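Student: From first to last, the protein sequence lines stand for chains A and B.
Heads up, the first sequence is in the numbering used here, so the first residue is 28 and it goes up one at a time.
Heads up, the second sequence is in the numbering used here, so the first residue is 53 and it goes up one at a time.
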Amino acid sequence: MSTPVFTYTKGMIRTETNFCPGCTHGIAHRLITETLVEMGEIGNAIGVAPIGCSVQAHKFMNVDMCEAAHGRAPAVASGIRRVHPDKIVYTYQGDGDLASIGTAEIVHAAARGEKFSTFFINNCIYGMTGGQMAPTTLIGQRSTTSQDGRTKAQAGNPIRVSELISTLDGAVYVERVALDTPAHIRAAKKAVRRAFEIQKAGLGFTFVEFLSTCPTNWGVTPPDAMKWLAENMIPYYPLGVKREPEEVQA
Amino acid sequence: MANGNDKVLLKGNEAFAEAAIRGGLRFYFGYPITPQSEIPEFMSRELPKRGGVFLQAESELGAINMAYGAGAAGGAVFISSSSPGIALMQEGMSFLCSAEVPLVALNVSRGGPGIGGIQPGQADYFQVTRGGGNGDYKIPVFAPASIQEAIDLIYESAELAAYWRNPIMIFVDGIIGQMMEPVTLPEQRPFTETSKIRDAKPWAITGYGDDDTKKNVVKSLRMQPDDLERHVEYLFEKYRRAEKELCRVETQDIEDADIVLVAFGTVARIAREAIEILATRGIKAGLVRPISLWPFPYDVFDKIGSRTKAVISAELSMGQMIEDVRIGVGKRLPVRLINRTGGMIPTSLDLADSAEKIYKEVN
Chain A
28 MSTPVFTYTK GMIRTETNFC PGCTHGIAHR LITETLVEMG EIGNAIGVAP
78 IGCSVQAHKF MNVDMCEAAH GRAPAVASGI RRVHPDKIVY TYQGDGDLAS
128 IGTAEIVHAA ARGEKFSTFF INNCIYGMTG GQMAPTTLIG QRSTTSQDGR
178 TKAQAGNPIR VSELISTLDG AVYVERVALD TPAHIRAAKK AVRRAFEIQK
228 AGLGFTFVEF LSTCPTNWGV TPPDAMKWLA ENMIPYYPLG VKREPEEVQA
Chain B
53 MANGNDKVLL KGNEAFAEAA IRGGLRFYFG YPITPQSEIP EFMSRELPKR
103 GGVFLQAESE LGAINMAYGA GAAGGAVFIS SSSPGIALMQ EGMSFLCSAE
153 VPLVALNVSR GGPGIGGIQP GQADYFQVTR GGGNGDYKIP VFAPASIQEA
203 IDLIYESAEL AAYWRNPIMI FVDGIIGQMM EPVTLPEQRP FTETSKIRDA
253 KPWAITGYGD DDTKKNVVKS LRMQPDDLER HVEYLFEKYR RAEKELCRVE
303 TQDIEDADIV LVAFGTVARI AREAIEILAT RGIKAGLVRP ISLWPFPYDV
353 FDKIGSRTKA VISAELSMGQ MIEDVRIGVG KRLPVRLINR TGGMIPTSLD
403 LADSAEKIYK EVN
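What follows is the structure, encoded as structure tokens:
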């Protein structure tokens with residue numbers, strides 16, 4: 028009898044994603060849904076994915092889901108949570124969505140200590156609309172709306188969202204992870220699990236930021252995108268736990 | 053609070069909130085804005101102790117999106133705001149219509165444009181009947197003229213929203229929200245238990261349980277144009293049916309009147325008094341009072357008799373409903389406007405004088 032060395036998670040729908048080569052959305056999708064399957068919660072989960080490349084998540088995640096308007100997923104999830112206090116609820120949002128148009132919604136959901144988890148895909152750029160400057164675009168980074176590179180004088184410094192959210196008492200668990208190496212991906216999966224477990228324990232709002240790639244809009248190859256993430260993003264967006272509840276501190 | 057047929061004296065805004073709770077609308081999301089702030093205040097006090105949920109949103113954008121989430125998850129939801137707040141909610145209204153999420157929404161309206169003022173107005177007629185959000189969609193709008201009628205329409209709309217899987221809007225001017233009247237409250241409809249939502253609303257996102265073939269998605273994005281066109285055509289089949297089934301109007305003496313007034317909400321009440329004043333001056337005036345603003349009762353104007361010389365739209369705006377009145381009347385009769393705006397309200401005498409002047413001009 029042969030032993031399978033790899034099985035496709037039931038958390039993902041058996042279809043090809045339409046993400047670009049080298050994009051880490053697929054990895055983030057799998058980490059989230061695989062964790063829900065491992066926890067036995069995939070059928071008890073409700074996800075929200077707003078506008079941006081994220082909006083397609085319902086086609087790939089085998090979870091009851093709804094789309095949301097640009098930036099509004101935390102408000103939508105707050106409504107869902109009120110109707111289903113015993114389910115696992117999460118939002119899956121990009122950086123243009125969460126850190127720009129949706130700042131009010133994410134800040135207030137965190138401040139209220141909403142008992143859902145937010146997975147924040149930070150790839151320093153607007154993906155779906157074609158590579159415009161995001162609030163997370165790094166100084167000097169070129170985009171279609173900062174063609175000579177972002178400057179502090181013109182656009183200010185990029186926002187470190189995890190650090191911002193961790194100042195709010197309702198946010199009980201905040202961690203930044205990266206999807207560039209196998210070791211970082213394993214750490215990311217642990218963060219996803221902790222977020223869901225803390226949500227299930229009813230302790231408050233949980234937030235995981237994934238440093239992610241966008242080779243298409245960065246104008247680099249997939250392998251170079253992984254290097255670019257490590258060399259440029261991690262120094263500005265340091266990895267690690269920004270906040271965690273006393274109840275789960277090791 | 054009293055049950056059954058007991059009469060109670062209630063302020064409009066509190067009565068609307070009570071009617072929503074009794075209608076079974078278990079979830080309320082709101083943001084303070086004059087002249088409807090008594091509603092979130094009442095809901096914060098009453099809903100939790102009666103098994104419901106109140107949540108004060110960070111903005112009207114937050115409120116409408118909480119309503120969308122709760123509605124998509126199968127909850128029965130009520131929201132309220134006033135004109136500029138309703139403007140902020142329009143993005144969400146468009147989403148709810150496309151995704152077919154039920155909602156009962158109340159606009160206690162004030163004067164505009166911009167932040168305008170806090171006194172009563174009807175200049176949201178276009179905003180509530182013509183959308184305001186993007187794309188092809190419709191929202192049924194009811195415009196009650198008394199607190200009792202508002203109670204009854206909110207109560208009924210709780211069922212209509214679930215049946216049509218669409219938002220239903222109740223549109224009152226700030227006078228009706230702020231005044232007090234004796235009313236009879238309906239019986240409490242039971243709230244739907246969370247465990248029974250999936251049976252009642254098999255489309256809702258509740259978590260599918262053990263059977264992933266039952267996975268639900270609530271969405272409005274359709275990237276393929278033929279797919280989007282099919283979806284909008286489907287929505288408009290529903291709206292065409294709603295045009296027949298939800299159209300409501302009240303008339304008074306329009307078959308043999310010298311002039312016919314058209315007015316909704318508070319202005320219809322002023323018009324009834326003006327009609328009595330006009331009668332003492334030998335002018336017989338009829339009244340068309342649209343109760344549904346969309347669907348608008350265009351056909352009612354066919355019943356106006358040959359004696360009538362003009363149709364007058366009386367509004368608290370620069371003339372918005374008059375565009376629908378013109379469609380209804382066609383080229384048969386002159387259509388004229390009597391209006392105040394910015395929160396100003398005509399007295400019945402003002403209205404009678406203006407109507408008499410128009411009658412003399414056209415006769």
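In this text, a Cβ means the ideal position worked out from N, Cα and C, and glycines have one as well.
Note that the coordinates shown come from a computational prediction; the quantities given were computed from them, not determined experimentally.
Do G79(A) and G49(A) have their C-beta atoms within less than 8 Å of each other?
Tutor: Your numbering for residue 79(A) matches position 52 in the first sequence. Your numbering for residue 49(A) matches position 22 in the first sequence. Not closer than 8 Å, so no.
Student: According to DSSP, is N415(B) helix, strand or coil?
Tutor: Mapped onto the second sequence, residue 415(B) falls at position 363. In the three-state reduction of the DSSP assignment, N415(B) falls in the coil class.
Student: Would you be able to state if there are at least three C-beta pairs under 8 Å between the segment 189-198 of chain B and the segment 341-348 of chain B?
Tutor: yes
Student: In chain A, what lies closer than 8 Å to M118(B) by C-beta?
Tutor: Taking the second sequence and counting its residues from 1, one reaches residue 118(B) at position 66. In chain order: A102, V103, S105, G106, R109.
Student: Output needed for N186(B): all residues of its chain with C-beta closer than 7 Å, excluding positions within five of it in sequence on either side, in chain order.
Tutor: In the second sequence, the residue the question calls residue 186(B) occupies position 134. Same-chain partners within the cutoff: S146.
Student: Taking only the alpha-carbon atoms, compute the straight-line gap between T244(B) and K296(B) and give it to the nearest angstrom.
Tutor: By 1-based counting over the second sequence, the position of residue 244(B) is 192. By 1-based counting over the second sequence, the position of residue 296(B) is 244. Distance between the alpha carbons of T244(B) and K296(B) is about 29 Å.
Student: Measuring CB atoms only, is the segment 186-202 of chain A touching the segment 137-145 of chain A, in the sense that at least three cross pairs come out at less than 8 Å?
Tutor: yes
Student: For Y189(B) and E285(B), I'd like the C-alpha separation in whole angstroms.
Tutor: For the purposes of this step, residue 189(B) is taken as the residue at position 137 of the second sequence. For the purposes of this step, residue 285(B) is taken as the residue at position 233 of the second sequence. When rounded, the distance between both Cα atoms is 10 Å.
Student: Would you grab the beta carbon distance between I186(A) and H52(A) for me? Rounded to a whole angstrom, and I think it's under 8 Å.
Tutor: Residue numbering aside, residue 186(A) sits at position 159 when the first sequence is read from its first letter. Residue numbering aside, residue 52(A) sits at position 25 when the first sequence is read from its first letter. Incorrect: roughly 21 Å between the Cβ atoms, too far for contact.
Student: Can you find the residues in the same chain that come closer than 7 Å, C-beta to C-beta, to G74(A), ignoring five residues on each side of it along the sequence?
Tutor: Translated into the one-based positions of the first sequence, residue 74(A) becomes position 47. Excluding the 5 residues flanking it on each side, G74(A) has same chain C-beta neighbours closer than 7 Å at A84, M88, V90, M92, Y117, Y119, in chain order.
Student: I need the boundaries of the alpha helix (DSSP H) containing I212(A), first residue and last residue.
Tutor: What you label residue 212(A) is simply residue 185 of the first sequence in a count that begins at 1. Start and end: 209-227.
Student: Excluding the 5 residues flanking I73(B) on each side, which residues of the same chain have their C-beta closer than 7 Å to its C-beta?
Tutor: Stepping through the second sequence from its first residue, residue 73(B) is reached at position 21. Excluding residues within five positions, the ones whose Cβ falls inside 7 Å are E98, L99, R102, G104.
Student: Could you tell me whether any Cβ in chain A is nearer than 8 Å to the Cβ of I40(B)?
Tutor: Since the displayed chain B opens at 53 and closes at 415, residue 40(B) lies outside it and no answer follows.
Student: Would you say A277(A) reaches chain B, if we count a Cβ-Cβ gap shorter than 8 Å as a contact?
Tutor: Taking the first residue of the first sequence as 1, we reach residue 277(A) at position 250. Legend: pLDDT at A277(A) = 49, less than 50; position of this residue unreliable, no value from coordinates given.
Student: For Q174(B), does the count of other Cβ atoms within 10 angstroms reach 16, so buried, or fall short, so exposed?
Tutor: As a working mapping, residue 174(B) is identified with position 122 in the second sequence. Buried, because 16 or more other Cβ atoms sit within 10 Å of the Cβ of Q174(B).
Student: The segment 239-272 of chain B: which residues have C-beta closer than 9 Å to a C-beta of chain A, in chain order?
Tutor: Going along the segment 239-272 of chain B in chain order, one finds T246, I249, A256, I257, T258, G259, Y260, G261, D262, D263, D264, K266, K267, N268, V269, V270, K271, S272 with a Cβ nearer than 9 Å to chain A.
Student: Apart from the five residues on each side of it in sequence, which residues of its chain come closer than 6 Å, Cβ to Cβ, to S89(B)?
Tutor: Position 37 of the second sequence, counting from 1, holds the residue named residue 89(B). Within the same chain, S89(B) has no close Cβ partners at all.
Student: What residues in the segment 136-147 of chain A bring their beta carbon closer than 7 Å to a beta carbon of chain B?
Tutor: none
Student: For A109(B) and chain A, any beta-carbon pair shorter than 8 Å?
Tutor: As a first step, residue 109(B) is located in the second sequence; it is residue number 57 there, counting from the start. Interface residue, yes.
Student: Output needed for C47(A): all residues of its chain with C-beta closer than 7 Å, excluding positions within five of it in sequence on either side, in chain order.
Tutor: Here residue 47(A) refers to the residue found at position 20 of the first sequence. So the qualifying residues of the chain are P242, T243.
Student: So which residues on chain A does V105(B) lean against when the C-beta distance must stay under 7 Å?
Tutor: The residue labelled residue 105(B) in the question sits at position 53 within the second sequence. Per Cβ cutoff of 7 Å: R109.
Student: Can you tell me which residues form a DSSP beta bridge with W346(B)?
Tutor: Counting from 1 along the second sequence, the entry for residue 346(B) is found at position 294. W346(B) pairs with V193(B).
Student: Would you say L280(B) faces chain A, with C-beta separation under 8 Å as the test?
Tutor: If you number the second sequence from 1, residue 280(B) lands on position 228. No, L280(B) lies away from the interface with chain A (no Cβ there is under 8 Å from its Cβ).
Student: Where does A362(B) sit, in a helix, a strand or coil, going by DSSP?
Tutor: Position 310 of the second sequence, counted from the start, is the residue given in the question as residue 362(B). DSSP places A362(B) in strand when its eight states are reduced to three.
Student: Need the endpoints of the alpha helix (DSSP H) that L287(B) sits in, please.
Tutor: Walking along the second sequence from the start, residue 287(B) turns up at place 235. Counting along the chain, the alpha helix (DSSP H) containing L287(B) begins and ends at 277-297.
Student: Any beta carbon from chain A within less than 8 Å of A337(B)'s own beta carbon?
Tutor: Here residue 337(B) corresponds to residue number 285 of the second sequence, with the count starting at 1. No, A337(B) lies away from the interface with chain A (no Cβ there is under 8 Å from its Cβ).
Student: Tell me the DSSP bridge mates of G121(A)?
Tutor: Counting from one through the first sequence, the residue named residue 121(A) turns up at place 94. G121(A) is bridged to I148(A).
Student: Does the pairing of the segment 327-335 of chain B with the segment 268-287 of chain B give three or more beta-carbon distances under 8 Å?
Tutor: With the cut-off at 8 Å, the segment 327-335 of chain B and the segment 268-287 of chain B do not touch.
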